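These protein sequences, in sequence, are chains A, B, C and D. Positions 1 to 225 (the numbering used here) are the ones given, in order, by the first sequence. Positions 1001 to 1227 (the numbering used here) are the ones given, in order, by the second sequence. Positions 2001 to 2274 (the numbering used here) are the ones given, in order, by the third sequence. Positions 3001 to 3051 (the numbering used here) are the ones given, in order, by the fourth sequence. Beta carbons are placed, not taken as given, at the ideal position from N, Cα and C, and that holds for glycine. Since this is a predicted model, take the numbers as computed values, not measurements. Let me begin by presenting the structure, written as structure tokens, before commenting on it.
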Amino acid sequence: MFRIARLIAAKDLRIELRSRVVTNQVLPFAMIVMVMFAFALKTDEVVEKVAPGLVWLATLFSLLILVQRAFAIETADGATEAMRAAGVDPAGIFLGKALALAAQLAVLEILLLILAVVLYNSKLHAGGVVLLVTTLLAATIGLALVGTLYGGLAAGVRGRETLLPLLLLPVVAPVLIGATRATEAALGTSGAVVSDGWPWLGLLGVFVALFSVGGTLAFGPLIEE
Amino acid sequence: METVVHLSNAVAVLGQFPVLAGASLTVERGEIVLLQGPNGAGKTSLLRLFAGLMPLARGEGNVLGFDLRTNREAVRKRVGLLGHANGLYSDLTVTENVRFWGATIGASESEVGAAMTRMGLAQRLKDVQVAKLSAGQKRRTALACLIARRAELWLLDEPHAGLDAAGRDELDATLREATAAGATIVVASHELERAGALATRLVEVVGGQVRESQVAPDGDNRSQAAG
Amino acid sequence: MPDTDTSAMQLTTDQASDAARSAARSAASSSVRRSSPTGTPFTRVLGIATLISMALLVLFGLFLSPEDVVQGESVRILYIHVGTVWVAYVAFGVTALASLAFLWKRTTSLTWDRIAGASAEVGVLFMALTLFAGAIWGRLSWGKFWVWDARVTTTAFLFITYIGYLAVRGLGGSHQQRGRRSAVVALLAVLEIPLVHFSVKLWRGLHQDGSVSDTTKVKLHDLMLFSLFISLIAFTLLFVWLVMHRQRVLAMQDALEDKGLDFALEQRRSEAGL
Amino acid sequence: MSAAVVAMEDVGFILATYIATFVGSVALAAYYLRRGRRLAAQLPPEDKPWG
Chain A
1 MFRIARLIAA
11 KDLRIELRSR
21 VVTNQVLPFA
31 MIVMVMFAFA
41 LKTDEVVEKV
51 APGLVWLATL
61 FSLLILVQRA
71 FAIETADGAT
81 EAMRAAGVDP
91 AGIFLGKALA
101 LAAQLAVLEI
111 LLLILAVVLY
121 NSKLHAGGVV
131 LLVTTLLAAT
141 IGLALVGTLY
151 GGLAAGVRGR
161 ETLLPLLLLP
171 VVAPVLIGAT
181 RATEAALGTS
191 GAVVSDGWPW
201 LGLLGVFVAL
211 FSVGGTLAFG
221 PLIEE
Chain B
1001 METVVHLSNA
1011 VAVLGQFPVL
1021 AGASLTVERG
1031 EIVLLQGPNG
1041 AGKTSLLRLF
1051 AGLMPLARGE
1061 GNVLGFDLRT
1071 NREAVRKRVG
1081 LLGHANGLYS
1091 DLTVTENVRF
1101 WGATIGASES
1111 EVGAAMTRMG
1121 LAQRLKDVQV
1131 AKLSAGQKRR
1141 TALACLIARR
1151 AELWLLDEPH
1161 AGLDAAGRDE
1171 LDATLREATA
1181 AGATIVVASH
1191 ELERAGALAT
1201 RLVEVVGGQV
1211 RESQVAPDGD
1221 NRSQAAG
Chain C
2001 MPDTDTSAMQ
2011 LTTDQASDAA
2021 RSAARSAASS
2031 SVRRSSPTGT
2041 PFTRVLGIAT
2051 LISMALLVLF
2061 GLFLSPEDVV
2071 QGESVRILYI
2081 HVGTVWVAYV
2091 AFGVTALASL
2101 AFLWKRTTSL
2111 TWDRIAGASA
2121 EVGVLFMALT
2131 LFAGAIWGRL
2141 SWGKFWVWDA
2151 RVTTTAFLFI
2161 TYIGYLAVRG
2171 LGGSHQQRGR
2181 RSAVVALLAV
2191 LEIPLVHFSV
2201 KLWRGLHQDG
2211 SVSDTTKVKL
2221 HDLMLFSLFI
2231 SLIAFTLLFV
2241 WLVMHRQRVL
2251 AMQDALEDKG
2261 LDFALEQRRS
2271 EAGL
Chain D
3001 MSAAVVAMED
3011 VGFILATYIA
3021 TFVGSVALAA
3031 YYLRRGRRLA
3041 AQLPPEDKPW
3051 G
């Protein structure tokens, strides 16, 4: 299972390094979303206050695109079917694709955070770095797991472009809430202190635990004919 | 002889349409069976059923000793299917693709190399991205992926499509070698001249059923010559 | 309530006339709109009980029960709200249990899958009614339709989640595939609910104290309690009636598709000319 | 604003809730019955084991 997962993650990342879809298309999309948020909110003070939430919202929108892309690779020339035909362990496929997705998301999030510092005047400070990195890690893994799970279900069915957001967005609500609050605490947005952030990581932890186990079990039945 | 595939009155459904409507067929080890018939007759579905990809709606089926009704997932590890799609990643090179598919069953580097040599991909084409290949070259790559998997039962759906004369010769030689090494092969093809010469048996598929099967005119001595 | 009365009349006639069902079938297209093929003596009794209890609910809820000291007349909305929200949550519980029964090898049957689907569908309707009644009640009690309360927000999330579940059911494929896929989605949804609820609660909790739980602490008059009780009974009966009929409709739909398969098989075989 | 006006507005909202609930339920019930009738016309009795 882990050998297959490593194999598939390496393959997905190599494809991304060749095609540069994330860096050339998804990243600019996320950036324009961040700029548009500022247009919608107008005043600097409001933008500064809600900056962490905007970063995570932009991440969620990008997640939808990344998941579509991750499974478009597989369905383009029948690789999903070929994997099933080759008896590749579905749990391995699930973990592998989630791992590759997590790596791409992590890069995206870091760049969005830097953008928040530039555009929204967010301030990083030393005391919050540990919390920030942990939050980033937990939220990224959680989003990647749940994105892969529902992406696999939606892949190859009619109307997948519309079905995926409908299934995925309600499910990631706890991540949006937890990651935003923890990020606020780490950045000290509106006077939040770092210790406020740690309880939220518990929430993210439960989410990751739930979907790593649930997803590993459920992915096979979801993609099987 | 050992029975590799046994199907009796198999019905398989795609959506609400019965692609297989009571097909019965038996294949012995070492045979090269050619499935022929018009478009939509059920050839592809028959291959997908053997590969354990489709559920069996009615009837009985057994592949390599596994019951298709209860245990079709177990069949897959020992069967190699080349479908209409090639299952290749267009951003990766030929070598990377063959290596990836070989690795899914734990093939060694030398086996991957041998498979590529067999299909004439080891020289000029090995570091070319699949997106830049012609249709025939993609088909060769897909065949190399299949060879690297060392399956016991080979299921080929129109393998000759898009291949040039040299590619066809390599394919035919590969298939004879595989049967000599103990593999069994089921081919669906429209190219009767080509595939008919290779096959030990012809099977006609019509209306989701197997109409009749007959020994190929000179099939017997061919398989013996290869063996 | 003239509006509900006429519709209720139609329901009664639908259920009451049991006679000549086969005749009705042969002439289904014409004027025969009386017998219900998805009905049985049990569901007819159930239907009548539902109608009676609904009438009682209107009687007690709108006329006999007193107005609340704090909330005034708006308390009457609670008799709808509590009943519908109860049914909605029960419905999703039934969906989860039926999905589990479908996935468990020893009890697996497409009937469980259909019960899960029927229950979710009815649950989605009741969730919509709950949100509507809740919004109006909120408007009357707090002056605004929506309050970001944890329970309210979780309910809205559930509503969307089960619309997604119904969409997954409609994806096509074989009945078995539909059952397996939707059962997995239903179980994932059930695991997700407490997490959503907990996170929303934490999210609100840091800013303000619970809003709904405070205002619902009204001193309940005996008649009000009785009305609430009737509400629970009435909506539970309605739920069972709806799910039973829906399950049977779905069973017929599946049977018809299987019949279609038999017919298609005949056709397919004749292609071969055997 | 007099108390009577407030009460009138309340009554409208309350009635709307009741009506919406009953209309919604009856619409769904009617849909199920109609659909059941349509399907039953195309099926023999043995496919309706509850009947």
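Extent of the continuous beta strand (DSSP E) to which residue i belongs
| i | result |
| --- | --- |
| R2139(C) | Per DSSP, R2139(C) belongs to no beta strand (DSSP E); it is in the alpha helix (DSSP H), 2110-2142. |
| D1157(B) | 1153-1157 |
| S1008(B) | 1003-1014 |
| P1018(B) | 1017-1028 |
| T2084(C) | Premise fails: T2084(C) lies in the alpha helix (DSSP H), 2075-2103, not in any beta strand (DSSP E). |
| T23(A) | No beta strand (DSSP E) holds T23(A); DSSP gives it neither H nor E. |
Residue range of the unbroken alpha helix (DSSP H) whose run includes residue i
| i | result |
| --- | --- |
| N1097(B) | 1094-1103 |
| V2045(C) | 2041-2058 |
| Q104(A) | 90-119 |
| V2147(C) | First-last for V2147(C): undefined, no H or E at that position. |
| D1164(B) | Looking at the DSSP string, D1164(B) is not in any alpha helix (DSSP H), and its letter there is neither H nor E. |
| G1113(B) | 1109-1118 |
| V133(A) | 129-154 |
| Q1123(B) | Where Q1123(B) is concerned, there is no enclosing alpha helix (DSSP H), given that its DSSP letter is neither H nor E. |
| R2106(C) | First-last for R2106(C): undefined, no H or E at that position. |
| E184(A) | 173-187 |
| A58(A) | 44-75 |
Beta-carbon spacing of residue i, residue j below 7 angstroms
| i | j | result |
| --- | --- | --- |
| V47(A) | Y120(A) | yes |
| G3024(D) | L2261(C) | no |
| S2141(C) | S2074(C) | yes |
| N1071(B) | H1006(B) | no |
| L63(A) | G147(A) | yes |
| R1076(B) | G87(A) | yes |
| A1188(B) | K1043(B) | yes |
| Q2253(C) | I2115(C) | no |
| W2112(C) | F2102(C) | yes |
| I93(A) | I8(A) | yes |
| Q104(A) | V172(A) | no |
| V1094(B) | L1125(B) | yes |
Residues near residue i by beta carbon distance below 7 angstroms, same chain, minus five either side
| i | result |
| --- | --- |
| L1192(B) | Q1036 |
| K2201(C) | A2150 |
| N1097(B) | L1088, Y1089, V1130, T1141, C1145 |
| S212(A) | L145 |
| A1021(B) | V1011, G1207, G1208, Q1209 |
| Y2165(C) | A2120, S2182, V2185, A2186, A2189 |
| V194(A) | G127, G128, L131, A185, A186 |
Buried/exposed call for residue i, threshold 16 Cβ in 10 Å
| i | result |
| --- | --- |
| E3046(D) | exposed |
| P2041(C) | exposed |
| A37(A) | Note that residue 37(A) is Phe in the sequence shown here, rather than Ala. Classification of F37(A): buried, given that the 10 Å Cβ count is 16 or more. |
| I1185(B) | buried |
| N1086(B) | buried |
| Q1209(B) | buried |
| G3012(D) | exposed |
| Q1016(B) | exposed |
| A3027(D) | exposed |
| D1164(B) | exposed |
| H1084(B) | exposed |
| F71(A) | buried |
| Y150(A) | buried |
Own chain partners of residue i with C-beta closer than 8 angstroms, once the 5 adjacent residues on each side are dropped
| i | result |
| --- | --- |
| A226(A) | The question about residue 226(A) has no answer, for chain A in this structure spans 1 to 225. |
| H2197(C) | A2150, R2151, T2154 |
| G1120(B) | R1140, A1166, G1167, E1170 |
6 angstroms Cβ shell around residue i - same chain, five flanking residues per side excluded
| i | result |
| --- | --- |
| T59(A) | E109 |
| L2057(C) | I2230, S2231, A2234 |
| V1143(B) | The sequence given here has Leu at residue 1143(B), not Val. Hits under 6 angstroms: M1119. |
Checklist entry - With contact counted as at least three CB pairs below 8 angstroms, one residue from each stretch, are the stretch 1144-1162 of chain B and the stretch 1170-1179 of chain B in contact? => result yes
Checklist entry - According to a CB-to-CB cut-off of less than 7 angstroms, which residues of the stretch 2174-2192 of chain C neighbour chain F? => result In summary, chain F is missing from the structure at hand, where the protein chains are A, B, C and D.
Checklist entry - Taking three-plus beta-carbon pairs below 8 angstroms as touching, is the stretch 2044-2056 of chain C in contact with the stretch 2082-2099 of chain C? => result no
Checklist entry - Should the stretch 2224-2238 of chain C be called in touch with the stretch 206-223 of chain A, which here means at least 3 C-beta pairs below 8 angstroms? => result no
Next on the checklist: Within 8 angstroms, do at least three Cβ pairs link the stretch 1130-1139 of chain B to the stretch 1099-1109 of chain B?
Outcome noted: no
Next on the checklist: Is it the case that the stretch 89-101 of chain A contacts the stretch 26-34 of chain A, given that we only count it when at least three CB pairs across the two stretches are under 8 angstroms?
Outcome noted: no
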